[in-house]
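Residues in the sequence shown are numbered consecutively from 1, following the UniProt record's numbering.
Have a look at the structure below, then the notes.
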Amino acid sequence: MTWSDIRNFLQEQYQFLKQSNDVLTCFLLEQIEEFCVINCIGGAKTNEYFFLQFEKVKAQKLARKIHDYIWNESGYQDIQDAGTKDGIGYKRVRKPKFATLSIQRQRHFILHFGKKVERLGLSIQEDIDKILSRNFHRPDYEIEEYPHEAYIRLEWVDKFEQIKPYIDLAFNLR
Numbered sequence: 001m002t003w004s005d006i007r008n009f010l011q012e013q014y015q016f017l018k019q020s021n022d023v024l025t026c027f028l029l030e031q032i033e034e035f036c037v038i039n040c041i042g043g044a045k046t047n048e049y050f051f052l053q054f055e056k057v058k059a060q061k062l063a064r065k066i067h068d069y070i071w072n073e074s075g076y077q078d079i080q081d082a083g084t085k086d087g088i089g090y091k092r093v094r095k096p097k098f099a100t101l102s103i104q105r106q107r108h109f110i111l112h113f114g115k116k117v118e119r120l121g122l123s124i125q126e127d128i129d130k131i132l133s134r135n136f137h138r139p140d141y142e143i144e145e146y147p148h149e150a151y152i153r154l155e156w157v158d159k160f161e162q163i164k165p166y167i168d169l170a171f172n173l174r
């Protein structure tokens, strides 16, 4: 028996118990399911798993908003999943990634601008830091290794509109 089998069984029970209005047991089954999703037990890492890795609820909501914007609201025509292991990556068909919701280190949103040699991420990082009134600290090796990237701590963003133009810019420059 696998964890997937157990989760499937509990989900079947949940449907039955919901119809019989067993509120307490349904609540407990919901908690078990959420625990499994958060800890990636019995299934592949889903988008929900990655959203829940952002520690603050505000950051989780913004991560979902970013994902929804890129896939549904932006009007981007040629989007695909970038197959990122440590988060959710977004790319254009036959192009490199333009954005990543990353759960590495400080859990942040990465925007990829143009080519590495153009070093656009460094100047855009300064703009983003000013808008958010917070500086994202980057170790020296990251400045040299990833000068085409800008980083955003989602809990520092007050409203999505502050970062939306940068998402569009990253999309257009890739």
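We treat Cβ as the ideally placed atom computed from N, Cα and C, and that holds for glycine.
Predicted model only: the values in this text are computed from it and were never measured.
Can you list, in chain order, the residues of its chain with a C-beta nearer than 8 Å to that of D168? Leave out the 5 residues immediately preceding and following it. Within the sequence shown, residue 168 is the residue found at index 168, counting from 1. When the five nearest sequence neighbours on each side are left out, the beta carbons in the same chain lying within less than 8 Å of the beta carbon of D168 are those of S74, in order along the chain.
Alpha carbon to alpha carbon, how far is R174 from Q104? Give it in angstroms, no decimals. Reading the sequence shown from its first residue, position 104 is the one you call residue 104. Reading the sequence shown from its first residue, position 174 is the one you call residue 174. Taking the straight line joining both Cα atoms gives about 23 Å.
With a threshold of 7 Å on Cβ separation, who are the neighbours of K56 within its own chain once the five nearest residues in sequence on each side are excluded? Against the sequence shown, residue 56 aligns to sequence position 56. E155, listed in sequence order.
Is H112 near E149, with beta carbons less than 8 Å apart? Taking the sequence shown and counting its residues from 1, one reaches residue 112 at position 112. Taking the sequence shown and counting its residues from 1, one reaches residue 149 at position 149. Less than 8 Å separates the beta-carbon of H112 from that of E149.
Give the DSSP bridge partners of Y82, in chain order. If you number the sequence shown from 1, residue 82 lands on position 82. Per the sequence shown, the amino acid found at residue 82 is Ala instead of Tyr. Beta-bridge pairing links A82 to no other residue.
8 Å Cβ cutoff met for K95 and G89: Here residue 95 refers to the residue found at position 95 when the sequence shown is read from its first residue. Here residue 89 refers to the residue found at position 89 when the sequence shown is read from its first residue. For K95 and G89, no; Cβs fall outside 8 Å.
Nearest to T2 by alpha carbon, out of I41, E145, Q19, V117? The count along the sequence shown starts at 1 and reaches residue 2 at position 2. Out of I41, E145, Q19, V117, I41 has the C-alpha closest to the C-alpha of T2.
Beta-carbon proximity list for D86, same chain, < 7 Å, skipping 5 on both sides: On the sequence shown, residue 86 is found 86 positions in, with the first residue counted as 1. Contacts found: S102, I103, Q104.
Could you tell me which of K115, G83, F136 sits nearest to Q106, measuring between CA atoms? The residue you call residue 106 lines up with position 106 of the sequence shown. Q106 has its Cα closest to that of F136, out of K115, G83, F136.
In terms of DSSP beta bridges, what is S102 paired with? Your numbering for residue 102 matches position 102 in the sequence shown. Answer by DSSP bridge pairing, in chain order: G87, H108.
Cβ shell of I143 (< 8 Å), same chain only, five flanking positions each side left out: Here residue 143 corresponds to residue number 143 of the sequence shown, with the count starting at 1. If we look at I143 and ignore the five residues flanking it on each side, its Cβ neighbours are L122.
C-alpha gap between E145 and G83, whole angstroms: Here the question's residue 145 lines up with position 145 in the sequence shown. Here the question's residue 83 lines up with position 83 in the sequence shown. Approximately 21 Å between the Cα atoms of the pair.
Comparing C-alpha positions only, which one of A44, R64, G43 sits nearest to L52? Numbered from 1 along the sequence shown, position 52 holds the residue referred to as residue 52. Selection A44, R64, G43 evaluated against L52 yields R64 as nearest (Cα-Cα).
Counting only the same chain and skipping the five closest in sequence on each side, list residues whose C-beta sits under 8 Å from that of K116. Taking the first residue of the sequence shown as position 1, residue 116 is located at position 116. So the list reads Y146, P147, H148, once near-sequence residues are dropped.
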